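Take a look at the structure below.
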Amino acid sequence: MLHRRGLLAAGALGGAALVASPLARPALAQAAPVRIGMITSLSGPGAYLGQDIRDGFLLAIEQGGGKLGGTPVALLVEDDGLKPGQGKQIAERFVGNEKIRLLTGIVFSNVLGAVLPDVLDAGAVYASPNASPSNFAGRDCHRNYWSIAWQNDSLHESAGQAAQNLGHKRMFLLAANYQAGRDAIAGFRRMYKGEVLGEIYTRLDQTDYAAELARIRAARPDAVYQFHPGGLGIAFLRQYAQAGLAELVPQVVAAPSMDSTTLAAVGEAALGMTVGSHWNSDFDVPASRAFVAAFRAKYDRLPTYYAQQGFDTALAIGGAFRNGGADLADTEAFRKGMLKADFASTRGRFRFGPNQHPVQDWFMLKVERGADGKPALVTKAKILSDHGDAYAAQCRL
Amino acid sequence: MAEPLLAVRGLVKRFGGLLATDHLDLAVLPGELHALIGPNGAGKSTAIAQITGTLRPDAGSIRLAGEEIVPLHAAARVHRGMARTFQITQLLGDDTARDNVALAVQARLGHSFRFWRDARRDPALAAPAEALLDQVGLPESRRALPVADLSHGERKQIELAAALAAAPRLLLLDEPMAGLGAAESLRMTETLRGLKGRIGMLLVEHDMEAVFALADRISVLVYGRCIATGTADEIRRDPAVIAAYLSDEEGV
Amino acid sequence: MALLLEQLLNGLQLGVMLFLLAAGLTLVFGIMGVINLAQGSLYMVGAFAGAALAARTGSATLSLLGGIAAAAAVGMAMELAVLRRLYRRGHLDQVLATFGMILFLNQAMTMLAGRQPLFVAVPPALEGAVEIIPGVPYPVYRLAIIAVGILVAAGLWLLIQRTRLGMLVRAGATNREMVRALGVDIRLLYTLVFGLGALLAGLAGVMAGPVFSVQVGMGEQILITTFVVVVIGGIGSVRGAFAGAMLVGLVDTLLRAFLPDLLRGAIGGPDADALAGGLASMGIYLLMAIVLLVRPRGLFPAHA
Amino acid sequence: MREHPARERAALLLLLAAAALLPFLATALGSPATVPLASRIVIYGIAAASLNLILGHGGLVSFGHAAFYGLGGYTVGILYAHLAPGDPFLGLIPGSNQLAVTLPAALLVGGLGAAAIGALSLRTSGVQFIMITLAFAQMLYFLFASLSAYGGDDGLSVRRPNLLGPLNLRDPATMYWVALGALALWLAFQRRLVRSRFGRVLEGIRQNEARVVASGIRPYPYKLAAFVIAGMGAALAGALMVNAMRFVSPDMLHWTKSGELMVMVILGGIGTLLGPVLGALALVVLETGLTALTENWQVVLGPILVVVVLFSQGGLAALFRRRPASDAPGAAGGRLPRLLSWRRRHG
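Chains as they are written, first to last, in my numbering: chain A, 588 to 984; chain B, -17 to 234; chain C, 66 to 369; chain D, 2 to 348.
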């Protein structure tokens, strides 16, 4: 008899835990602000990206006095640990149990791919502050899906355009061997028309690039384009400079390979690099100057473009709220409000294309010694104007 | 003389520079109880390991009823009719005596790729296992306990029962008396005596009383070589054996 | 020819780095029979402590000493608090407990040092490059890594072959009871050996600072490669760890260096690059599979 | 002599019936996200139970079980990917979103993968085995991360409904019931397996390989068969998980996933029938609860794992026993419910 009791106890316990755990969260809905769910990567490699997105978003809410576009908001943040499964689980809880209608925050495309279908199927809205893979910009675009950052390819197209403008004839390309790496090289080649001496795909768990650097040296290209996000890029850049290549072969890269955090970690080794980006902390735009100052005052560090995207995403949502979209039960009203792009973007000109992805200008930055003697990213020239993305044509909304 | 059941010829095993088995020749006749004795470090365990197949010889041949068995896996040798017991019993400690013996019965019955039927409720396994435990004299009351909780002597009995489950022609017994009390030792001696004539046995044992009481023939191993083979009386009188044992402090 | 020489040197340097991590792992396994997944975390601790000290004091020496001291201290604390209770348990428990420790140490480091990767400068004395192969400047810092690695290997060899501690270590690897019978405080010996393993991991971490990226998670990135080294070399054998590290370093580097061109010659086009990338990624795992097929206990098994 | 199969079976069926009521309970309590969460627990339960077959019953510490979990998942994902455009896989195998097609395919692929990896890995033992299984899983991880045709690192979405005859698995409750049914079938199968002659051999290998050999049984083929069966179980779980998540990515094959599966088995109780399911429940609830509480959840989870390993011999399942392990010898393994009872780990 005993063991049956034991079993039933186990079952009861399991059932109770199942039902109780999602409910254990304290109810936050007393003042009835609009609740926004943020799923982002706060642990694992690339955790600083999620942190910056969150901090930028929070800064916008703080500046609005707890409101976005005049509507009180409450932000719920959870860590997806860069695991698609975990991200999806959080989304289910946000949408299913908490009845949250607006989500944001995801850093990485693989997490987005897992989360987005559920969110959209549940009729909720997702505003992307970073990852914007091609399928959701084209074939699978959706009325409730917004990208406030860029379509992934644009980053690398801007680098390709920069290399083209700089007149490099023979280039060597490297990228980490995963989907984003392949997309990066494809995006780069869309704009770059010169000769490609070699394409190398490096391992995702690789830490030492000596073999690749020796090949670059042997090939003697005019310039190198490489895509290694986060820590991979830091290791690559350090080793590139230590091998004496920095003086010989200049690099042209996209923003993910050289943001201000990477720059701080790499230091002098980055001097002379050219970077394609949609924003930089030295932008002479009032909204940008104010943002950078406020961010430095609050967090005591220079904002990366991730922080800027988090900030702009919050502003864009505020714009939609201000223009009649504050009731998220009516996503069409939110959409109409959002489409106006009625907010002072830190990057200056900003509008949404037909696939609800940004149409914006792209710039060439260069790493130079700043006034304080430390390397800094300096904006040099506009290289693309009103640049949308290659997938908008496939999108039928 | 009949064809030997086990014929070891020119067996060699080296460990680094040490010659642990030095061109060993040995023959066990059908139904014979053949004792293998020798001082500590003489290479008895090494020889047993090569015969049972847990150690690969460097050279030489081992034939079981005329068949060369050196290339065979230890388990395959069991199917050819060679079972063994261990100096330190090797049993399934969480399982009962019945389970331990039943596993050996099941091995004899063929492959065990049977996924459905409850093995513990299978009379084809249980009945022979009980009979074997009867044969070695393990009391009924001790058969449903995990063997880790049984005495040393009882475990030796179970291991013998498991070895007999293979229906062996040749039984290799590695110090079956070691660590047994006087009464247990006596019972083991009686059990082995009962097997004589039906099953050939190669007995490694330090208990000389038991060896001289049981053995039909005795081989003496010193430094990996067989220095003498003969009946108990012959061995007792053999000058080489006396010399070897006198130089060793253990004595006979 | 110069390119081949340069790539060989690169392979050697990677091998040396791997050896420092593998030596600790294999020592700890050989003597205590413990499989320590958190070895990579100790490497991370060394790198972070070294980076923090370098940033605060600007002294490369202090950074080096502090880094290895921090790793050794964390390692010994880990041994005292957790691993000591696991020596008699199965590998499964050890794998799980050290897996838990990885989670803890990674997150604790995130809380302490933040999520941003840290900057570490090359010590001024080791900046620049020298032409040891005509026409190919090679970074001095990498040469220094090779030198340190070979010195450590020699030092370990002396320690194990020539000292009383080394004697105990060798004896402990073959027969624990015997060491206990010698009246040695085996618990202290274990803590010390674990500390030594942690120290080596810390040393690797500090040296990796200026070359690799100092960030949370850096340990796991290299841990699995280290496992491959240890398995190929033969678990428990320092000599094996050295041979395995060199083999893995060279095979990995040479595959990455020359496979793409070979494949381009054979099949051509961008497919060749992608295929080469994939094959080079799997190279060391294939190497391990082949070694284990031929010698299931590795190249230099410790307990023959 | 020890268990009462009829009573045990009745208890299990009752438990199953109780678990089947969960979607109604969740709806009543206004917590619909609990249903997919429960599906995930149930599916992890299958994966952990399959690992338990080799880990708990065979004593084979495989650190690469996620490889087969991922293979099963990718089988479903890839078959689906070939359904939409209508071009067959390798020009031969048409795509599908029918569970009746994709599940057996996943089992087949998982089994073949396990046969290949197992055949090589099982030549080693001990720590070598742990590490070589880990390395093979990593190899597959990198393979899938670079397979651009199937999304590479970004993974593959499964957007259209997955069908099981007339059932649409997009409905969370349907998905849950299908997963629960699969778990029940798998556990029933494994329960029989463990008690069969094959299971006896496996159990023997765990306790003392020398005894098995001395009995005249070559362990290798049995280990390999168990490895393959466990691989198929993991593939089944992976396939169901992709149906539940509607998404597959290399994340499923990552080495930390193998680690999590091991944690589930240990946490719940190694070598028991329901232990791994309890472990899956505990780990998922713990992770979910902790991530909701603090972003530094790993700093809490890590020590919990360490403490569980250090102090709880037998995992959660041991909590449901009447007496501690230091029982009189006569009681050990005797009257205890076999479903959750903890055996001495080292014979």
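By construction, the Cβ of each residue, glycine as well, lies at the ideal position given by its N, Cα and C atoms.
Predicted, not measured: the structure shown is a model, and the values here were computed from it.
With 8 Å set as the bound, which would you pick, yes or no: does the beta-carbon of E799 of chain A sit closer than that to a beta-carbon of chain C? Stepping through the first sequence from its first residue, residue 799 of chain A is reached at position 212. Answer yes: the Cβ-Cβ gap between E799 of chain A and chain C drops below 8 Å somewhere.
Give the secondary structure of W733 of chain A by DSSP, where H, G and I count as helix, E and B as strand, and everything else as coil. In the first sequence, counting from the first residue as 1, residue 733 of chain A sits at position 146. Strand, per DSSP.
Applying the criterion that 16 or more other CB atoms from any shown protein chain within 10 Å of the CB defines a buried residue, is D88 of chain D buried or exposed? Position 87 of the fourth sequence holds residue 88 of chain D. Flag for D88 of chain D reads exposed.
Measure the C-alpha to C-alpha separation of K654 of chain A and P33 of chain D and round it to an integer number of angstroms. Indexing the first sequence from 1 puts residue 654 of chain A at position 67. Indexing the fourth sequence from 1 puts residue 33 of chain D at position 32. For K654 of chain A and P33 of chain D, the distance between alpha carbons rounds to 29 Å.
Can you tell me where the alpha helix (DSSP H) holding W358 of chain D begins and where it ends? Limits of chain D in this structure are 2 at one end and 348 at the other, which puts residue 358 of chain D out of reach.
List, in order along the chain, the chain A residues whose C-beta lies closer than 7 Å to that of S158 of chain D? Stepping through the fourth sequence from its first residue, residue 158 of chain D is reached at position 157. Those are G700 and P704, listed as they occur along chain A.
From C:L90, C:S124 and C:I96, residue whose alpha carbon lies closest to that of V271 of chain C: Sequence index remark: in the third sequence, residue 271 of chain C carries index 206 (1-based). It is C:S124 whose Cα lies nearest to the Cα of V271 of chain C.
Under 8 Å Cβ to Cβ from V229 of chain D, same chain only, skipping five residues before and after it: list those, please. Numbered from 1 along the fourth sequence, position 228 holds the residue referred to as residue 229 of chain D. Only G112, A115, A116 and G119 meet the Cβ criterion.
Ignore the nearest five residues each way along the sequence and tell me which others in G163 of chain B's own chain have a CB closer than 7 Å to its CB. Along the second sequence, read from residue 1 onward, the residue named residue 163 of chain B stands at position 181. Hits under 7 Å: G135.
Using a beta-carbon distance below 8 Å, is N297 of chain D in contact with chain C? Counting from one through the fourth sequence, the residue named residue 297 of chain D turns up at place 296. Yes, because at least one Cβ of chain C sits closer than 8 Å to the Cβ of N297 of chain D.
What residues match up with F939 of chain A in a beta bridge as DSSP calls it? The sequence position of residue 939 of chain A within the first sequence is 352, counting from 1. Answer is A:P945.
Anything in the region 169 to 202 of chain C with a Cβ closer than 9 Å to a Cβ of chain A? List those residues in chain order, please. N171, Q172, T175, G179, R180, Q181, P182, L183, F184, V185, A186, V187, E192, G193, A194, V201 and P202
If you follow the beta strand (DSSP E) that F814 of chain A is part of, which residue opens it and which one closes it? Translated into the one-based positions of the first sequence, residue 814 of chain A becomes position 227. Note, F814 of chain A: beta strand (DSSP E), A810 to F814.
Buried/exposed call for E285 of chain C, threshold 16 Cβ in 10 Å: For this step, residue 285 of chain C is matched to residue 220 along the third sequence. That one is buried.
Any chain B beta carbon closer than 8 Å to G119 of chain D: If you number the fourth sequence from 1, residue 119 of chain D lands on position 118. Closer than 8 Å: no.
Compare the C-beta of A326 of chain D with all C-beta atoms of chain B and state if any pair is closer than 8 Å. Within the fourth sequence, numbered from 1, the residue matching residue 326 of chain D stands at position 325. Confidence at A326 of chain D is low in this model, with a pLDDT of 39, below 50, so the placement of that residue is unreliable and no value is reported for it.
Can you say whether A616 of chain A is buried or exposed, counting buried as having 16 or more other CB atoms within 10 angstroms of its CB? The count along the first sequence starts at 1 and reaches residue 616 of chain A at position 29. Its pLDDT being 40, under 50, A616 of chain A is placed unreliably in this model, and the value from its coordinates should be taken loosely. Per the 10 Å Cβ criterion, exposed.
Given Q280 of chain C, which residues of its chain have a CB within under 6 Å of its CB, disregarding the five upstream and five downstream residues? For this step, residue 280 of chain C is matched to residue 215 along the third sequence. So the list reads P182, once near-sequence residues are dropped.
With 16 other CB atoms within 10 Å as the buried threshold, where does W866 of chain A fall? In the first sequence, residue 866 of chain A corresponds to position 279, counting from 1. By the 10 Å Cβ count, W866 of chain A comes out buried.
Using the Cβ count rule (16 or more neighbours within 10 Å means buried), how would you classify D973 of chain A? Taking the first sequence and counting its residues from 1, one reaches residue 973 of chain A at position 386. Its Cβ having fewer than 16 others within 10 Å, D973 of chain A is exposed.
Under the three-state reduction of DSSP, which class applies to R150 of chain C: helix, strand or coil? If you number the third sequence from 1, residue 150 of chain C lands on position 85. Three-state DSSP puts R150 of chain C in a helix.
Are the C-beta atoms of L161 of chain C and some chain D residue less than 8 Å apart? Counting from 1 along the third sequence, the entry for residue 161 of chain C is found at position 96. Yes, its Cβ sits closer than 8 Å to a Cβ of chain D.
At the level of alpha carbons, what is the spacing between G63 of chain B and L194 of chain D? What you label residue 63 of chain B is simply residue 81 of the second sequence in a count that begins at 1. What you label residue 194 of chain D is simply residue 193 of the fourth sequence in a count that begins at 1. When rounded, the distance between both Cα atoms is 29 Å.
Drop a sphere of 10 angstroms on the beta-carbon of K756 of chain A, count the other beta-carbons inside from all chains shown, and report buried for 16 or more, exposed for fewer. Within the first sequence, numbered from 1, the residue matching residue 756 of chain A stands at position 169. Per the 10 Å Cβ criterion, exposed.
Measuring straight from C-alpha to C-alpha, what distance separates G728 of chain A and F939 of chain A? The residue given as residue 728 of chain A occupies position 141 in the first sequence. The residue given as residue 939 of chain A occupies position 352 in the first sequence. It is Cys, not Gly, that sits at residue 728 of chain A in the sequence shown. Those two C-alpha atoms are separated by around 13 Å.
Hey, which unbroken runs of the alpha helix (DSSP H) at 4 residues or more fall wholly within the region 284 to 315 of chain D? 299 to 312
What residues in its chain sit with their C-beta under 8 Å from that of C208 of chain B, if we drop five residues either side in the sequence? By 1-based counting over the second sequence, the position of residue 208 of chain B is 226. Contacts found: L6, D7, L8, S201 and V202.
Spatial distance of R103 of chain B from D76 of chain B (CA atoms): Counting from one through the second sequence, the residue named residue 103 of chain B turns up at place 121. Counting from one through the second sequence, the residue named residue 76 of chain B turns up at place 94. Spanning the two alpha carbons is a distance of roughly 18 Å.
Using beta carbons (cut-off 8 Å, strictly below), is R260 of chain B in contact with chain D? The structure shown has nothing for residue 260 of chain B, since chain B only spans -17 to 234.
Per DSSP, what kind of secondary structure is I197 of chain C in: helix, strand or coil? Indexing the third sequence from 1 puts residue 197 of chain C at position 132. I197 of chain C: strand per DSSP, three-state reduction.
For the region 34 to 56 of chain B, list every residue whose C-beta sits within 9 Å of some C-beta in chain D, in sequence order. T34, G35, T36, H55 and A56
Is there a C-beta anywhere in chain C that falls below 8 Å from the one on D667 of chain A? Sequence index remark: in the first sequence, residue 667 of chain A carries index 80 (1-based). D667 of chain A does not count as touching chain C.
For R622 of chain A, which residues does DSSP report across the bridge? Locating residue 622 of chain A in the first sequence gives position 35, counting from the first residue. Looking at the DSSP assignment, R622 of chain A forms a beta bridge with A:A661.
Going by DSSP, which residues form a beta bridge with I208 of chain B? Residue numbering aside, residue 208 of chain B sits at position 226 when the second sequence is read from its first letter. Note that residue 208 of chain B is Cys in the sequence shown here, rather than Ile. Note: C208 of chain B sits in a beta bridge opposite B:L203.
Can you give me the Cβ contacts of A771 of chain A inside the same chain, cut-off strictly under 6 Å, excluding the 5 residues immediately before and after it? For the purposes of this step, residue 771 of chain A is taken as the residue at position 184 of the first sequence. Cβ within range, chain order: H743, A762 and F814.
Delimiting residues of the beta strand (DSSP E) encompassing E782 of chain A: Against the first sequence, residue 782 of chain A aligns to sequence position 195. Unbroken beta strand (DSSP E) run through E782 of chain A: E782 to T789.
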